[in-house]
Structure formats: structure tokens, C-alpha cells
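Some notes on the structure that comes next.
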Amino acid sequence: MVPLQHHHLTGLPPHNGPTGEPGAGLSGNGYAQQVAPDGGWGWVVLVATILVLALTLAFPSCIGIFYTELQAEFSSSNTETSWVPAIMTAVLHAGGPLCSVLVERFGCRVTVMVGGVLSGLGMVVSALARTITELYITSIIAGLGFCLSFQPSVTMMGHYFLRRRAFANALSSTGTALGLSTLPLLANFLLGQFGWRGSFLVLGGLLLNCCVCGAVMRPLGAKHSGAQRTLTNKAAQGLSKQPIKGPLQQEKEGLKARLRTAFSDLVVFLRRHMAFDLLVSNPRYRAYALGVTWMMLGFVVPLVYLVPYATANGMEQDRAALLMAVLGLVNIAVRPVAAVFFGLPRFRGSGCFVYVFAVALLVNGLSNSICGAAATFPVLLIYVVIFGLSMSVIGSLLFTVLMETVEMSRFPSALGLISMLESGTLLIGPPLAGMLVDSTGHYSYVFYACSVTVSSSGLFLIAAFYYLDRQKKRAGPPAAAYQQKPAISLVPDCQYSHVPSTQGGKPAISLVPDCQYSHVPSTQGGKPAISLVPDCQYSHVPSTQGGKPAISLVPDCQYSHDPSTQGERSADTVCVTNV
């Protein structure tokens, strides 16, 4: 699952880089970016993202089909074998900072294609492994490829959708469901036909389709001035910002100077690619990061151990694989419905997504206890249906909640930090479960442990966000200065332009479709003001009518426009962010 400085007056979307591609560089003052189309080529990008998620996020789960074969091949214990999917999943999440660097330098499109090559190569080389240790190494390669394909795809999709972002996020999450429903059946078929080595070769070729998906992720256009491009190039240098020096000059440089430079570069890297400052300054992000990190300790473990659990209790391999397929089919059926439902206007800006997400976690965790009742096909079928329903809601809202928790300009770095934190729990989760099986001899204890872990994370999120919401209500509305000014208030996810009126030169407000607004009368001598609710960004665009000012808004910033003390001067001199 993928930093940037906070935007002030320009308020432009994140990650616009040398290629002019969203997600391809640092944000900052001076970029002018095309507004998210909310459709058009965005639908192609959405389909490509769905396929990438199907081939990456869901792939480690299908390793459970080969679990018994790998144990027999390498004479390994449950703990040793479980490191294979654990490493793959952990690297998938931990590669966020490296992924962010590559996205800055080369753009989302190229990074996704490089990820496709690495993931395919990792699986092909895995087919040649002679020891379980070699399989660990190839799992790192494959997991890194998954990361480089997955994270830029999600970032790119976020730039193509604004008003329909909740819908697009929920619909893209069906990719994971598509992979869960098809990959286990395909893996089981390939295992019967070619063995595990031949299966890995075929699956490696299948993963190369991520390159095709990356090729269609066309960047949104952006233009830069010479000065702006200079600032961008300086900011995008990161760890490589030292000038190129000859051998003699490098030899003259002292060890202390090199260490000082390396440390400085590391600090710059961490600030830009890891949102550590948000952990301190944003309590909602801090609570969400802790809850999701703890959740991941037990969330993916049932996907790894469901098939071994079923086969260990006498179920046929084909029926066990069918359980995974049913889990995926439930996700496919529910996630589009969730996408439409959560995309309704009544939910936009309501702040309820995090509570729905937390309740889904609670249900998901409790459902794991069903496995302890019996390992028969009917019982496990009920389990995968309930697990799949709750998993669908979790997957639909995972990115949406994060986008509501932080501003979009910080989303890539915020996602990168959460991914790094998750990687630790994802890495140790399956091996800890394997140790539990090796010590007790019963798989059921694994599902009980997962039940406690995931349920407690849901309860934590409910309590934490309820407390933060109560604190926010007690704090009251913003400063009195903003309350006293007349305003036109827009509901979230709205865009508008302020253009000269054709009636006596008076100002007019033009709204895009599906926006609602209320005009609040002035309390200060009739002087006008424009006040936007959260989640808006804007750029100042010169007017084509006599040089008069115009304001055009794009997502994710707040500002107030108060020309009362500036007469007829340009609007950019009186527009100030209040974030």
C-alpha cells in the first residue's frame, strides 16, 4: 500500500514532478495542475488499478495453496514456511519510501512497470529455489515488485478522482477481491498440472501484466515556469542532492563532512518520504496509524492459514481452495455496492467513515472465532461469508478514511509511513501464528488470537475517534474573525470559479455541478467574503476580462477571500490559507 511539504497559497496537488505527472515529484509553490477529471481516462486508470491490486495485494494469500507442498519440499516447520508469505507481504508495505523516491524521479507509470518486472522476476526465480532461505530472498524481490506496482497505482487513481473519490476507492478495492476469488483456484489448478515450481513460473508470467496496467496510467498535464522547475529540481534531489565530484575532490573531503552530509540527507529523506511530523501534530492520523498497524498483526493471517487449517482437518484440497474463492466472490459482490453506497452525497464530509470502518473491523475479528467451532465445510463457508462481508467494507474505506484524516498533499507520505508501520506487524504475524501451531498442534488457536487482535483494533479506533470528535466539538468553531465575515460556504468536494459579473462589474460565483452553497449576509458593511469548508485547494488564475482577478479551486485546501481592505486589487493578495 505509498511526501511533501504543506501547500500554502498555491495549494496544489501533491507529487507533481519533472514529468508533469501527479505522483511524480514534490509538491510546492508554483505548480499548476489540471483538475481531477472524475471520469474520462480516469476510468481506464481505475480498471488498471483494479487489475494491479488483484495481482499484488491478493497474491501472498494464494501462497497458502502451496503451503503443504513447500513444507514437504524443504522439510520446514510451520514457522519457517510461514515466513515466505510474511516476507512478501511485509516488503510490499515496507517499500513505500523507496517507491516514493522512484515515483519522484520517474513518475507513477514507469514505477508501476518496473514493479511488474520485479514481481514477475521474483516468482520465476522462486521456481529455481533449492532451500527455504533462497525462497525468502526471492520473496523479497517479489514483494518489492508488488509495492512498486501497488502504491503508485493508488496514488495515480487518487489524482484522477475527486468528487467520486470514495466511489473510486471502493471500486478499486474490488481488485483485491478479484485476486482472492481467482488466484487460489488458478494456483490449485496449476499445482495439480505442473507442481509448485511450474506454477511459480506461470504465475511469474502472469504478474508481468502489471507492466501493461502501468502503461495506460497516463499522467495528468501540468505546466511549470522556469523558476518553478528550478525549485522542483532542487527539492526533488533528495538523497542525491550532493554535486557530482571528481575523485580528488572526494578524497579531500573529510570523514566528518561526509557523515554530516549523509545525516543531513537522511533527515531530508525522512521528512519528505515519511510523515513523522503527522504522528506528532495530527492526533487523528496518529490514532488511525496505531489502530491499522495493530489490526494488520492478525488481519491477513487467516488468509494464509485457512487452507492449511481445512486440509489438516481432513478437507480435500479442492474444497479448501473453493473457500478462498468464495471469500473473493463475496468481496466482488459487496465492494461495488459499498462503493455506490459510500459514494452518496449524504456521506461526503460526514465524518462517519472511520466509525463504519471500525465496526467492520470488530465484526471481522469476531468472525474468526467461528473457525474454532468446527472445521467442516458448512461452518467454514459461513465463516468466509461473514469474513468477506466485513473485509469488503474494510477494503472499501481503508484509503478513504486516510484521505479524510490528512490533506491530500500529505497522502502519499502518510500512506508510506503507515505502510512502514504495518510491515512490522505483517512480518511477524504469520510466523507468530506458525509458532503457535508448532507449540500447540492446533490451528484453531491461531484464529482465536486473530479474533482478539483485530477486534481490539476496532474498539480502539471507535474510542479514539469518539474522544477526538468530542474534543473538537468542545473547542468550538474557528476564530471569531472568520465567523464575523460574510461568506459563501460550500459543501465538501465542490469546485467553483469567481469571475467578473456581466451586470455592472459586480462579482459572481460560478459553481460546478452537484455543489450546494449558502450565501450568508455580511455583518461588516456589506463587504464580500468567500469562505470555503475543509478539503479544498486553490490556485490564482489571471482573468481574461480586463485583467480582473479570477479564483479557480481544486481539491484539498481551505482559504478565505476578503477584498474588504484591498479595494480592487488582485485576489491573490488577500487569499490566505487557514489550514
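Taking the UniProt record's numbering, the leading residue of the sequence shown gets 1, the next gets one more, and so forth.
Even for Gly, the Cβ is constructed at its ideal location relative to N, Cα and C.
- Around the beta-carbon of Leu-259, fewer than 16 other beta-carbon atoms lie within 10 Å, marking it exposed.
- Note that the C-beta distance between Phe-447 and Cys-371 is below 7 angstroms.
- Counting other Cβ atoms within 10 Å of its Cβ, Cys-352 stays below 16 and is therefore classed as exposed.
- With distances taken between CA atoms, Leu-461 lies nearest to Tyr-355 out of Leu-178, Leu-121 and Tyr-355.
- Residue state for Pro-85 is assigned as helix, using DSSP reduced to three classes.
- Residues Leu-171, Ser-172, Thr-174, Gly-175 and Leu-178 of the same chain have their beta carbon placed closer than 8 angstroms to that of Ile-50, with the five preceding and five following residues left out of the count.
- Distance from the CA of Ala-168 to the CA of Val-125, rounded to the nearest whole angstrom, comes to 35 angstroms.
- Apart from the 5 residues on each side of it in sequence, Leu-381 sits with its Cβ closer than 8 angstroms to the Cβ of Leu-323 and Val-326 in its chain, given in chain order.
- The C-beta distance from Leu-121 to Ile-141 rounds to 6 angstroms, short enough to fall under 8 angstroms.
- Excluding the 5 residues flanking it on each side, Ser-423 has same chain C-beta neighbours closer than 6 angstroms at Ala-90, His-93 and Ala-94, in chain order.
- Contact annotation: Leu-303 and Ser-61 have beta-carbon atoms nearer than 7 angstroms.
- Two segments are said to touch when three or more pairs of C-beta atoms, one from each, lie closer than 8 angstroms; by this definition the segment 287-296 touches the segment 461-472.
- Taking 7 angstroms as the cut-off, the beta carbon of Tyr-309 is found closer than this to the beta carbon of Tyr-443.
- When the alpha-carbon of Asn-282 is set against those of Thr-131, Met-123, Ala-86 and Leu-402, the nearest one is in Leu-402.
- Shortest Cα-Cα distance from Phe-161 to any of Thr-111, Asp-38 and Arg-410 involves Asp-38.
- DSSP places Asp-318 in the uninterrupted alpha helix (DSSP H) bounded by 317-342.
- In the structure shown, Tyr-160 falls within a helical segment according to DSSP collapsed to helix, strand and coil.
- Leu-70 has its alpha-carbon roughly 14 angstroms from the corresponding atom of Phe-194.
- In the structure shown, Met-435 adopts helical secondary structure according to DSSP, grouped into three states.
- Around the beta-carbon of Ala-321, 16 or more other beta-carbon atoms lie within 10 Å, marking it buried.
- Unbroken alpha helix (DSSP H) runs of no fewer than 4 residues, entirely contained in the segment 43-69, are found at 59-62, following chain order.
- Secondary structure note for Ser-390: its alpha helix (DSSP H) is the uninterrupted segment 377-405.
- Three or more Cβ pairs closer than 8 angstroms define a contact, and the segment 332-344 meets that threshold against the segment 390-398.
- Across the set Cys-211, Val-307, Leu-306 and Met-315, the C-alpha of Cys-211 shows the shortest separation from the C-alpha of Pro-152.
- Considered as a whole, the segment 78-146 harbours 78-94 and 96-126 as its complete alpha helix (DSSP H) runs of no fewer than 4 residues, in chain order.
- The shortest C-alpha to C-alpha distance from Met-296 to any of Asn-313, Ser-451 and Arg-284 is the one to Ser-451.
- In the assembly as shown, Trp-41 is an exposed residue. Its beta-carbon has fewer than 16 other beta-carbons within 10 Å.
- Spatial neighbours of Thr-453 in its own chain (CB-CB distance under 6 angstroms, excluding positions within 5 residues in sequence) are listed in chain order as Leu-297 and Gly-298.
- If only complete runs of 3 or more residues are kept, the segment 281-321 shows no beta strand (DSSP E) anywhere.
- DSSP places Tyr-445 in the helix class (H, G or I) of the three-state scheme.
- The three-state reading of DSSP puts Asp-469 in helix, counting H, G and I together.
- C-alpha of Val-44 to C-alpha of Val-114: approximately 20 angstroms in a straight line.
- Look at the beta carbons and you see the segment 76-87 not touching the segment 199-213: under three pairs across the two are nearer than 8 angstroms.
- For Cys-210, the enclosing alpha helix (DSSP H) covers residues 209-215.
- Around the Cβ of Leu-427, a 10 Å sphere holds 16 or more other Cβ atoms; the residue is buried.
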